[in-house]
Each structure stands twice: as C-alpha cells, then as structure tokens.
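These protein sequences, in sequence, are chains A and B. Sequential numbering of the first sequence, starting at 6, is according to this note's numbering. Sequential numbering of the second sequence, starting at 6, is according to this note's numbering. Every residue, glycine too, gets a C-beta built ideally from N, C-alpha and C. Since the structure is predicted, the reported quantities are computational estimates derived from the model, not experimental observations. Inspection log for the structure reproduced underneath, given as structure tokens.
There are 2 protein chains.
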Amino acid sequence: MSLRIALLGLLTVSGPASGYDLTKLFESSINNAWQARHSQIYPELNKMAAEGLVTVEEEGPRGRKTYTITEDGARELRTWLIEKEPSRSHRSEGALRAFLLPTLEPHEAAALLRAEAESYGVRLAELEAIRAAKSSWKEPGFGHYALDLGIRQTRLMCEWAEETAAEIEGSTRS
Amino acid sequence: MSLRIALLGLLTVSGPASGYDLTKLFESSINNAWQARHSQIYPELNKMAAEGLVTVEEEGPRGRKTYTITEDGARELRTWLIEKEPSRSHRSEGALRAFLLPTLEPHEAAALLRAEAESYGVRLAELEAIRAAKSSWKEPGFGHYALDLGIRQTRLMCEWAEETAAEIEGSTRS
DNA sequence: TACAACATGTAACCGGTTACATGATTGG
DNA sequence: CCAATCATGTAACCGGTTACATGTTGTA
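Following this line, the structure appears as structure tokens:
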C-alpha cells in the first residue's frame with residue numbers, strides 16, 4: 006500500500022505529473038525512504054485512476070499521460086498518515102549484519118565494521134552535500150525532513166560501526 | 006537471499022535446531038532485524054538441505070527434523086558477510102512518513118510527530134528493559150550488537166520526532 | 001479426555017525486481 | 001540520419017504474508 010501513498014505524496018507536492026516524471030522524482034527525491042521502478046509505477050497509476058484517486062487530465066505527445074491527484078486521493082493520503090499507526094516490523098540488512106557479527110572471529114568483525122563505517126562516512130558526506138546545496142535554495146519544503154532524518158541515521162550507523170569496532174578490538178587486545 | 010543467511014547465522018550460534026525452533030528463535034532474537042514465518046522457513050530449510058548447506062542429523066518425534074549447519078553452510082555465511090557489499094537501498098515506513106510530512110498542515114504534522122515520539126519512547130523503554138535483563142546474564146554474545154544498534158536507532162527516531170515537532174511548532178508560532 | 005503446544009507442510013496472493021518489448025520526439 | 005531521451009507497457013520470477021491443512025505429544 007505504501008507505493009500508492011508515496012505516489013499520492015509526490016503528486017501532492019509536484020503537481021500533475023506523468024508516470025515518467027514520477028519515476029524520476031522517485032529516484033531524485035524520495036529515494037532514501039522508498040524505491041520503485043517504472044514497471045511498478047505505471048500499473049499502479051492505472052489502478053489508482055480506476056479507483057478515482059487520480060485522474061488523467063491531459064494526454065501529451067508520445068502517449069504521455071499527465072496524472073492529477075483527486076480529492077479522494079488527497080483524503081486517502083491524509084487518512085493513511087494520520088490514522089494508520091506505523092507498522093513496527095521492518096527489515097534491515099545493516100541490523101542483520103550486526104546480529105551476525107559474533108559468527109566471525111573478533112578481528113574479522115572489527116575489520117568489517119571499519120569498512121562499513123568508512124562507507125557510511127562516504128554516504129554521509131554525500132547527503133550533507135545535498136543538504137548544503139539545497140539550503141541556499143528556495144522552498145525549505147520537500148524532502149527536507151526526510152533528508153534530515155536520513156543524515157541522522159547514516160551518522161548513527163557510521164558512529165555505531167566505529168565504536169563497536171573499537172569495543173571489539175579493545176576486549177580482544179588482552 | 007537474506008533469509009537463508011539469517012537461518013545459517015541462527016544455526017551457527019544455537020547449534021542444531023528444528024524449523025520449529027528456528028521459527029521461535031526468529032521471533033525472540035533476530036526480530037528487530039529480520040522476520041520470517043514458519044511457512045517461509047520450512048521450505049527454505051528443505052532447499053538448503055538439498056543444496057548441502059545444512060543436514061538433517063536426526064529425526065525426532067512428531068516428524069521433528071533437527072538441522073545442523075555444514076561446512077558449506079558456514080562458508081556461505083562467512084562469504085556473504087565479508088564479501089558481499091551491503092545494498093544501500095532500503096525501505097523505511099518511518100522515512101516515508103518523514104517525507105510526506107509537508108503534505109499536512111503544520112499543526113497536524115507536529116501532532117503526528119509528538120505521537121510518533123511517544124510510541125518510539127515506549128519501544129525504547131522495552132528494548133532497554135531487555136538489555137538490562139540480559140546484562141546481568143551469561144554470555145555477552147548473541148543479539149548484543151544488534152540490540153545495541155536497535156536501541157540507538159529507536160532513540161534517534163524518538164529524538165528526531167520530538168525535535169522536528171518543536172521545529173515545526175516554532176516556525177509556525179509567529 | 002480435552003486442550004495447549006509441538007511440528008510440518010502447501011496454496012493463493014501481493015509487492016517488488018528484472019528483463020523484454022515497443023514506439024515517438026528532439027537535438028546534434 | 002542517428003542517438004539519446006521521452007514514454008508506456010507486459011511477463012516471469014522471487015521473497016514474503018496469510019490462510020488452509022494435518023497430525024502428534026504432553027499435561028492438567
């Protein structure tokens with residue numbers, strides 16, 4: 006159900022857009038929260054149109070269909086955000102790796118964590134660059150909160166990996 | 006592929022176990038990193054047995070099959086941990102919600118965040134209780150790192166929600 | 001003897017990925 | 001004219017969830 010919510014959200018903020026536009030928007034904006042390929046987006050838009058959550062207001066060249074969110078669609082989005090309590094269960098490859106660390110030799114686990122910390126560090130720098138680029142920019146709106154959250158989470162992973170590596174090395178060095 | 010990795014990890018640390026045992030172990034240990042139902046676990050164990058990653062050493066009453074990890078299985082786990090670089094893409098309902106916040110009125114967004122902070126706070130207390138119960142306990146091993154990471158992540162969400170609510174309220178109150 | 005817990009499986013379905021397939025328009 | 005990009009779709013497959021289905025053992 007979350008895919009359609011994401012699409013309704015994008016349509017709310019971007020205004021009318023085609024499936025093609027939305028596919029690119031997915032990649033450029035919502036990417037660190039959710040992902041979807043065009044092969045999933047197109048059929049979903051058709052389903053939503055059939056259910057009246059979006060409408061095709063105009064058809065352009067190359068078969069382009071421009072979708073607009075309807076009142077029903079906006080209501081659906083709002084209801085999901087406010088009334089549906091967030092599901093607690095989630096999958097995280099990072100957490101799974103954390104869980105499996107003790108199956109390795111301590112020096113291997115520490116090395117793995119150092120490498121992970123390194124790569125989270127790189128990612129953190131990328132995200133901070135994006136924020137820096139946007140801050141001197143117009144509307145403080147879209148993706149702002151999600152980006153802030155993403156930066157915090159990435160920083161956390163980076164610090165956790167570093168500290169845990171140190172902890173493992175510390176308790177081994179005796 | 007991660008399901009089989011998780012199963013191999015559990016078999017490594019728990020020793021030989023049945024599908025039934027593993028299903029319960031999933032719930033009680035690895036739960037905040039990954040989830041799986043018995044309907045997924047049983048077929049996967051059969052597949053892994055066919056591929057030689059685990060073996061059925063003994064069959065007990067009620068058709069109970071006790072699986073043991075093989076050297077091939079241990080190698081598979083180790084290789085995955087060390088050689089496969091973590092996939093960066095992940096889905097997070099929490100992050101999606103963050104992204105969608107600006108589609109709400111500021112006062113609604115702030116209220117939503119307060120409620121989320123509240124529920125993350127409850128969850129945080131639960132996790133800390135688990136850690137406290139385990140700390141005065143035996144082996145500092147299993148689930149330790151994953152639990153620590155889970156606590157940090159939950160605390161982060163709690164703080165982020167609280168601070169973001171305050172930020173939104175602050176910028177509105179003019 | 002009845003109920004809870006043990007124990008394993010299958011089938012239908014849903015969401016997501018990869019790959020296949022097609023064609024129109026624009027710019028160099 | 002050719003290539004890149006715009007633009008939409010379908011089919012096969014995979015991982016995961018829900019529900020269905022069945023039978024055994026221990027214990028109150």
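query = Going along chain B, which residues have a C-beta under 7 Å from G99(A)?
reply = The answer, in chain order, is P91.
ask   = Cα-Cα, which of V18(A), T17(A), Q40(A), P21(A) is closest to T28(A)?
value = Taking T28(A) as reference, the option from V18(A), T17(A), Q40(A), P21(A) with the minimal CA-CA separation is Q40(A).
ask   = What residues in its chain sit with their C-beta under 8 Å from that of T172(B), if we drop five residues either side in the sequence?
value = It should be noted that the sequence gives Glu, not Thr, for residue 172(B). The beta carbon of E172(B) lies closer than 8 Å to none in the same chain, with the five residues before and after it left out.
message = Counting only Cβ pairs nearer than 8 Å, list the residues of chain A close to Y150(B).
response = Result: A103, F104, L106, P107, T169.
message = Beta-carbon within less than 8 Å of A54(B)'s beta-carbon, same chain only, minus the 5 sequence neighbours each way: which residues are those?
response = T60, V61, Y72
Proximal residues, the stretch 52 to 85 of chain B versus chain A, C-beta separation under 9 Å = A79, L82, R83, W85
ask   = Over what stretch of residues does the alpha helix (DSSP H) that includes I173(A) continue unbroken?
value = 149 to 177
request  = Report back the beta-carbon spacing between A103(B) and Y150(A) to the nearest angstrom; my notes put them in contact at under 8 Å.
outcome  = 5 Å
task = Return the residues of the stretch 14 to 43 of chain B that lie within a Cβ-Cβ distance of less than 7 Å from chain A, sorted by chain order.
result = G14, T17, V18, I35, N37, A38, W39, Q40
task = Measure the CB-CB distance between T17(B) and A100(B) and report whether it falls below 8 Å.
result = no
query = Nearest chain B C-beta to I87(A) closer than 8 Å, yes or no?
reply = yes
message = Between H95(A) and chain B, is the shortest Cβ-Cβ distance under 8 Å, so that the two count as touching?
response = yes
message = Taking 8 Å as the cut-off, does the stretch 111 to 128 of chain A touch the stretch 154 to 171 of chain B (at least 3 CB pairs, one atom from each stretch)?
response = no
task = State yes or no: is the beta carbon of R119(A) nearer than 8 Å to at least one beta carbon in chain B?
result = No, its Cβ sits nowhere closer than 8 Å to a Cβ of chain B.
message = Using a Cβ-Cβ cutoff of less than 7 Å, which residues in the same chain neighbour E81(B) once the five nearest sequence positions on both sides are dropped?
response = L13, L58
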